[in-house]
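Asks:
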Amino acid sequence: MIALVPRPVRTVASRVARWRDERLADPRHSDRVAAVLGIALGISFLVCFVTGLISHLVQHPTSWFSWNARPAGLYRFTQGLHVVTGIASVPLLFAKLWSVFPRLFQWPLATSALHAMERLSLLPLIGGSLFMLVTGVANIELWYPWVFFFPAGHYAVSFVVMGALVIHLTAKAATVRSTLRRNPPAPVDPVARRRFLGTVGALSAGLVTVTAGQTVWHLRKVALFAPRRPDIGVQGFPVNKTAREAGVVDGAADPAYTLTVEGRNGSTTFTLDELRAMTQRTAMLPIACVEGWSANRLWTGVSVPDLLAAAGETDVHEVSVESLQRGGRYRRSTLNASHAGDADTLLAMQVDGADLHPDHGYPLRLIAPNRPGVLQTKWVVKLVVS
Ligand SMILES: Nc1nc2c(c(=O)[nH]1)N[C@H]1C(S)=C(S)[C@@H](COP(=O)(O)O)O[C@H]1N2
Ligand SMILES: [Mo]
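Residue numbers (this note's numbering): 733 to 1118.
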């Protein structure tokens, strides 16, 4: 008699299941690591989303959102936080994906409709997160290879990610809570787990350190990952668009350069000498670029409320600030009532006691408190009051 011993059936599914179970026994793939990384990512994504939304609303004002000229350095802080949390998320996201990857291989693929929805939401969550971080980091590095307009794409996808994240967190809340309870079952290997989380945390902190120097003065010397340093550039700080790139080299040097204030009661034109003869005001204000760099400088020029008063304009609602530059998205910006009425909102002719360099907007540039760099219009030739 021959005993028939059944051979174990080695289907692809069972092999995959075995591979997955082996991985999940590793503390770096444990529920706890997934939960800790998930919480860290949740916090950094939320801060990044809120600060990004602020930046968007400041640049595209709506009726329900008002942004004041004070405190002067607030935008510099929120945008710095936006870039820092985005950068910090990169190692966290890759560690999280690596840690939970084996869990994707699950059979059956979904056990209920709700479960199926939760799993499907991983597609926009992961795809969207990667898109946000890749485009964001490329933007900080001043690399724009996209066929779409960066801010619009980056803004739209942020809502996809946040929506998918809400679904994901709702589905995972119970797991996260039970994993992080005070007395969880003894972890398999707490040392390996802590070492892994420690490495990821250190990578995140390290990346932040070598980028934040573009806006944190004391870290400027280690800003290895930042293309701009707040202390390097013409007149000691960065230039966004040079006079040549803007096509204004000749126009800016023209001795007949004038500023026109187009008011509701007619228009008034000022020569540069007339502007120099007016009361000059000096203010320490940052240029805070959306790309993440910022620099505090001492600006001197005519205060916009003084100028509006000299042109006979009171009760100003809004002022459109227009540049000599013919094309380009940033040739015009709008001052709301708070900015137009702030004494430190200047049409500056000098920085740090010297005439502005043409690349910084000579002869006349807008500089106002609490405002994104893109709205600090250079080579100003016209104010339209409404
Ligand atoms: N006319 C005009 N003004 C402009 C820009 C521009 O492209 N054209 N760029 C803006 C941007 S994005 C920034 S960050 C600041 C930078 O000012 P700076 O070059 O003097 O540092 O200028 C702003 N003013
Ligand atoms: Mo900018």
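Note that the Cβ used here is the ideal one computed from N, Cα and C, for glycine as well.
Answer with buried or exposed for L846, where buried requires no fewer than 16 other C-beta atoms within 10 angstroms of its C-beta.
Replies: The residue you call residue 846 lines up with position 114 of the sequence shown. Result: exposed.
Asks: What first and last residue would you give for the beta strand (DSSP E) that runs through M1016?
Replies: The residue given as residue 1016 occupies position 284 in the sequence shown. Segment 1013-1020, the beta strand (DSSP E) holding M1016.
Asks: Per DSSP, K1114 is paired with what?
Replies: Working through the sequence shown from its first residue, we reach residue 1114 at position 382. The partner list for K1114 (beta bridge, DSSP) reads T992, E1054.
Asks: Going by DSSP, what residue range makes up the alpha helix (DSSP H) through I964?
Replies: Your numbering for residue 964 matches position 232 in the sequence shown. Element bounds for I964: n/a, residue is neither H nor E.
Asks: According to DSSP, simplified to helix, strand and coil, what is S798?
Replies: To locate residue 798, count along the sequence shown from 1; it is residue 66. Coil, per DSSP.
Asks: Terminal residues of the continuous alpha helix (DSSP H) containing S844?
Replies: For the purposes of this step, residue 844 is identified with residue 112 of the sequence shown, where counting begins at 1. Unbroken run through S844: none, as it is neither H nor E.
Asks: Quick test of your reading: D1084 and Q946, contact by CB under 8 Å. State the CB separation rounded to the nearest angstrom.
Replies: Within the sequence shown, residue 1084 is the residue found at index 352, counting from 1. Within the sequence shown, residue 946 is the residue found at index 214, counting from 1. Wrong, their Cβ atoms sit about 19 Å apart, outside the cutoff.
Asks: Considering only their Cβ atoms, is the gap separating G1024 from A937 smaller than 9 Å?
Replies: Sequence index remark: in the sequence shown, residue 937 carries index 205 (1-based). Sequence index remark: in the sequence shown, residue 1024 carries index 292 (1-based). No. Outside cutoff.
Asks: Taking 8 Å as the line, does the beta carbon of V1106 fall inside it for any heavy atom of ligand 2?
Replies: The count along the sequence shown starts at 1 and reaches residue 1106 at position 374. It does: the Cβ of V1106 is within 8 Å (strictly closer) of some heavy atom of ligand 2.
Asks: For M1016, count neighbouring C-beta atoms within 10 Å of its own C-beta (all shown protein chains included) and say buried if the count is 16 or more, exposed if not.
Replies: Translated into the one-based positions of the sequence shown, residue 1016 becomes position 284. The residue in question, M1016, is exposed, as its Cβ has fewer than 16 Cβ neighbours within 10 Å.
Asks: With H, G and I counted as helix, E and B as strand and the rest as coil, what does DSSP make of Q811?
Replies: Counting from one through the sequence shown, the residue named residue 811 turns up at place 79. Note: Q811 maps to helix in three-state DSSP.
Asks: May I have the straight-line CA-CA distance separating D1091 from V1034, to the nearest angstrom?
Replies: Residue numbering aside, residue 1091 sits at position 359 when the sequence shown is read from its first letter. Residue numbering aside, residue 1034 sits at position 302 when the sequence shown is read from its first letter. Each residue's alpha carbon lies about 20 Å from the other.
Asks: Leaving out five residues before and five after Y887 in sequence, what residues of the same chain have Cβ atoms less than 7 Å from its Cβ?
Replies: Counting from one through the sequence shown, the residue named residue 887 turns up at place 155. Here the set comprises H788.
Asks: Do E873 and ligand 1 come close, with the Cβ less than 8 Å from some heavy atom?
Replies: As a working note, residue 873 is residue 141 in the sequence shown. Result no, Cβ not under 8 Å from ligand 1.
Asks: With M894 as the anchor, note down where its alpha helix (DSSP H) starts and where it stops.
Replies: The sequence position of residue 894 within the sequence shown is 162, counting from 1. M894 -> alpha helix (DSSP H) spans 882-911.
Asks: Mapping DSSP to helix, strand and coil, what is A924?
Replies: For this step, residue 924 is matched to residue 192 along the sequence shown. It is helical.
Asks: Identify, in the order they occur along the chain, each residue of the same chain with its Cβ nearer than 6 Å to the Cβ of T817, setting aside the five sequence neighbours on each side.
Replies: The residue you call residue 817 lines up with position 85 of the sequence shown. Closer than 6 Å at the Cβ level, and outside the excluded window around T817, lie S776, V779, C780.
Asks: Output the boundary residues of the beta strand (DSSP E) element that contains V1083.
Replies: The count along the sequence shown starts at 1 and reaches residue 1083 at position 351. Taken as a continuous stretch (DSSP letters only), the beta strand (DSSP E) holding V1083 covers 1078-1083.
Asks: Please confirm whether any heavy atom of ligand 1 lies closer than 8 Å to the CB of G983.
Replies: One-based indexing of the sequence shown puts residue 983 at position 251. The answer is no for G983.
Asks: Just tell me which of E1006, Y1062, V1048 has its CA closest to the CA of E1054.
Replies: Position 322 of the sequence shown, counted from the first residue, corresponds to residue 1054. For E1054, the nearest C-alpha among the options comes from Y1062.
Asks: By the 10 Å Cβ neighbour count, where 16 or more other Cβ atoms means buried, how is D982 classified, buried or exposed?
Replies: Along the sequence shown, one-based indexing puts residue 982 at 250. Under this definition D982 is an exposed residue.
Asks: Does DSSP put F969 in a helix, a strand or coil?
Replies: Residue numbering aside, residue 969 sits at position 237 when the sequence shown is read from its first letter. F969 falls in the coil class under three-state DSSP.
Asks: Check whether the Cβ atoms of L813 and T992 sit closer than 9 Å, and answer yes or no.
Replies: Numbered from 1 along the sequence shown, position 81 holds the residue referred to as residue 813. Numbered from 1 along the sequence shown, position 260 holds the residue referred to as residue 992. Result no, Cβ atoms of L813 and T992 do not sit closer than 9 Å.
Asks: Following the continuous alpha helix (DSSP H) through N997, name the residue where it begins and the one where it ends.
Replies: Here the question's residue 997 lines up with position 265 in the sequence shown. From DSSP, N997 is part of no alpha helix (DSSP H); its letter is neither H nor E.
Asks: Going by DSSP, what residue range makes up the beta strand (DSSP E) through V1034?
Replies: The residue labelled residue 1034 in the question sits at position 302 within the sequence shown. 1026-1035 is the extent of the beta strand (DSSP E) around V1034.
Asks: List the whole-angstrom C-beta distance separating Q1012 from T990, where the pair is believed to meet the contact cut-off of C-beta under 8 Å.
Replies: In the sequence shown, counting from the first residue as 1, residue 1012 sits at position 280. In the sequence shown, counting from the first residue as 1, residue 990 sits at position 258. Their Cβ separation, rounded to whole angstroms, is 18 Å, which puts Q1012 and T990 out of contact at 8 Å.
Asks: Residues in the same chain with beta-carbon distance under 7 Å from M790, minus the five sequence neighbours each way, listed in chain order, please.
Replies: Within the sequence shown, residue 790 is the residue found at index 58, counting from 1. Reading off the sequence shown, one finds Val at residue 790, where the question assumed Met. Same-chain partners within the cutoff: W799, Y807, P1104.
Asks: Relative to the alpha-carbon of C1021, which residue among H900, L912, T1109 has its alpha-carbon at the smallest distance?
Replies: Residue numbering aside, residue 1021 sits at position 289 when the sequence shown is read from its first letter. Closest option to C1021, Cα to Cα, is T1109.
Asks: Thinking just about the alpha-carbon of each residue, which of G1093, S795, I1099, E850 is nearest to the one in K973?
Replies: Indexing the sequence shown from 1 puts residue 973 at position 241. Cα-wise, what sits closest to K973 is G1093.
Asks: Does at least one heavy atom of ligand 2 sit under 8 Å from the Cβ of V1023?
Replies: As a first step, residue 1023 must be located in the sequence shown, where it is residue number 291. What sits at residue 1023 in the sequence shown is Glu, not Val. At least one heavy atom of ligand 2 is nearer than 8 Å to the Cβ of E1023, so yes.
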